[in-house]
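From first to last, the protein sequence lines are chains A and B. Residue 10 in full-length UniProt numbering is what sits at position 10 of the first sequence, and the numbering runs on without skipping anything. Residue 52 in full-length UniProt numbering is what sits at position 52 of the second sequence, and the numbering runs on without skipping anything. We put the beta carbon where it would ideally sit given N, CA and C, even for glycine. Written out below as structure tokens is the structure these notes cover.
Protein chains: 2
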Amino acid sequence: MATTKKRSECPISCSLDVWGDKWSLLIIRDLMILKQCTYGDFLKSDEKIATNILAARLLMLEENGIISKSNHPDSKAKVLYKLTLKGIDLLPLMIEINLWADKYSILPADRKSILEEIKKDKEGFIKNAKSELKKVI
Amino acid sequence: MATTKKRSECPISCSLDVWGDKWSLLIIRDLMILKQCTYGDFLKSDEKIATNILAARLLMLEENGIISKSNHPDSKAKVLYKLTLKGIDLLPLMIEINLWADKYSILPADRKSILEEIKKDKEGFIKNAKSELKKVI
DNA sequence: ATTTGTACTTGCAAAACGCAAGCAAATTTA
DNA sequence: TAAATTTGCTTGCGTTTTGCAAGTACAAAT
Numbered sequence: 001m002a003t004t005k006k007r008s009e010c011p012i013s014c015s016l017d018v019w020g021d022k023w024s025l026l027i028i029r030d031l032m033i034l035k036q037c038t039y040g041d042f043l044k045s046d047e048k049i050a051t052n053i054l055a056a057r058l059l060m061l062e063e064n065g066i067i068s069k070s071n072h073p074d075s076k077a078k079v080l081y082k083l084t085l086k087g088i089d090l091l092p093l094m095i096e097i098n099l100w101a102d103k104y105s106i107l108p109a110d111r112k113s114i115l116e117e118i119k120k121d122k123e124g125f126i127k128n129a130k131s132e133l134k135k136v137i
Numbered sequence: 001m002a003t004t005k006k007r008s009e010c011p012i013s014c015s016l017d018v019w020g021d022k023w024s025l026l027i028i029r030d031l032m033i034l035k036q037c038t039y040g041d042f043l044k045s046d047e048k049i050a051t052n053i054l055a056a057r058l059l060m061l062e063e064n065g066i067i068s069k070s071n072h073p074d075s076k077a078k079v080l081y082k083l084t085l086k087g088i089d090l091l092p093l094m095i096e097i098n099l100w101a102d103k104y105s106i107l108p109a110d111r112k113s114i115l116e117e118i119k120k121d122k123e124g125f126i127k128n129a130k131s132e133l134k135k136v137i
């Protein structure tokens with residue numbers, strides 16, 4: 001897979017060139033929630049991504065420095081995917097998506113309770129969540 | 001165009017179902033910068049969206065309550081597209097994308113200067129920009 | 001030694017994309 | 001006032017991407 005050509009110099013456009021498809025942010029979401037995922041973990045998510053699409057997205061996200069692969073401590077057959085610093089820095093963006101969705105649609109109860117926590121102290125939540133994610137890098 | 005089926009109840013996934021493709025956020029970007037756009041204005045953007053894709057996205061964004069169409073004051077041949085409140089509320093997200101891009105890539109000079117302003121007072125910038133956008137609704 | 005688990009790859013049909021051309025109504029120009 | 005241009009799309013069609021199912025290679029468990 002060659003490097004995708006960028007459509008313009010616009011930061012929004014360039015960002016979308018990296019993670020602006022239907023699946024990448026869901027992969028990143030899983031990593032933000034679970035901290036570390038195996039290939040199989042991603043497949044378990046509700047959206048049911050196809051295995052070939054998952055493989056392609058993981059490769060592209062890795063090529064773009066958003067995620068990294070590492071050995072699973074328990075087994076040589078497993079692979080651990082994690083967010084890089086660059087990936088972790090997408091957390092504020094992810095939170096804004098949640099806040100927007102919260103304003104215009106009905107969220108599942110578990111998400112709703114986290115959102116309430118975020119709304120009380122957004123900066124504090126981000127700082128804490130980022131530091132949790134950095135622990136496993 | 002029928003209503004797109006949602007892949008899960010996840011707020012991230014549902015949001016992506018609405019604007020999570022390669023073009024929608026660029027259309028929204030144009031509207032945030034220009035406040036109001038004609039069909040032709042969108043076509044002028046650097047990324048060179050195809051006319052059929054543009055028409056499809058505008059319809060889908062309108063169906064999802066992100067943008068609205070109105071008559072152009074100068075001409076019956078022209079159409080004015082604007083952001084709705086729901087669309088305007090994507091501004092914080094758009095800003096976070098810019099901040100992320102600023103951190104990990106080189107921005108064009110004009111964007112860079114706005115970003116510096118945003119970094120000084122993010123909340124103030126958002127409040128002001130939102131109110132500017134609401135003026136033309 | 002055989003079965004199961006894990007991380008992918010491959011084949012193929014269906015859908016989406018992207019380019020070019022076409023079109024109807026409004027507007028401008030001659 | 002007739003012709004040309006602008007504007008906002010639509011249509012056809014070849015190319016690319018997606019998505020489902022099946023297959024494969026290696027590790028691990030039985």
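Residue from the options whose Cα sits closest to the Cα of residue i
i: residue 21 of chain A; options: A/34, A/40, A/58; result: A/58
i: residue 23 of chain A; options: B/7, B/123, B/133; result: B/7
i: residue 47 of chain B; options: A/79, A/9, A/56, A/72; result: A/9
i: residue 135 of chain A; options: A/74, A/93, A/32; result: A/32
i: residue 60 of chain B; options: B/19, B/75, B/98, B/133; result: B/19
i: residue 121 of chain A; options: A/79, A/99, A/104, A/109; result: A/99
i: residue 85 of chain A; options: A/137, A/5, A/112; result: A/137
Whole-Å CB distance - residue i paired with residue j, under 8 Å assumed
i: residue 87 of chain A; j: residue 66 of chain A; result: 4 Å
i: residue 69 of chain B; j: residue 63 of chain B; result: Contact flag wrong, Cβ pair sits at about 11 Å.
i: residue 90 of chain B; j: residue 28 of chain B; result: 6 Å
i: residue 93 of chain A; j: residue 93 of chain B; result: 6 Å
i: residue 83 of chain A; j: residue 133 of chain A; result: 6 Å
Assigned exposure category for residue i - 16 Cβ within 10 Å defines buried
i: residue 17 of chain A; result: buried
i: residue 30 of chain B; result: buried
i: residue 128 of chain B; result: exposed
i: residue 96 of chain B; result: buried
i: residue 12 of chain B; result: buried
i: residue 15 of chain A; result: buried
i: residue 45 of chain A; result: buried
i: residue 77 of chain A; result: exposed
i: residue 43 of chain B; result: exposed
i: residue 50 of chain A; result: exposed
i: residue 109 of chain B; result: exposed
Identity of the residues DSSP links to residue i by a beta bridge
i: residue 71 of chain B; result: B/79
i: residue 154 of chain A; result: Missing from the structure shown is residue 154 of chain A; chain A here goes from 1 to 137 and no further.
(message) Which residues of the segment 4-18 of chain B have a Cβ closer than 7 Å to any Cβ of chain A? Give them in chain order.
(response) For the segment 4-18 of chain B, which is checked against every Cβ of chain A, the residues closer than 7 Å are 7, 8, 9, 10, 11, 12, 13, 14, 15, 16.
(request) Note down, in chain order, all residues in the segment 103-122 of chain B with a beta-carbon under 7 Å from any beta-carbon belonging to chain A. (result) Taking 7 Å as the cut-off between beta carbons, the residues of the segment 103-122 of chain B near chain A are 103, 104, 105, 107, 108, 111, in sequence order.
(request) For the segment 34-45 of chain B, enumerate the residues whose C-beta is nearer than 7 Å to any C-beta of chain A, in chain order. (result) Correct list: empty, as no residue qualifies.
(request) Give, in chain order, every residue of the segment 68-90 of chain A whose Cβ lies closer than 7 Å to some Cβ of chain B. (result) Taking 7 Å as the upper bound on Cβ-Cβ separation, chain B lies near residues 86, 89, 90 of the segment 68-90 of chain A.
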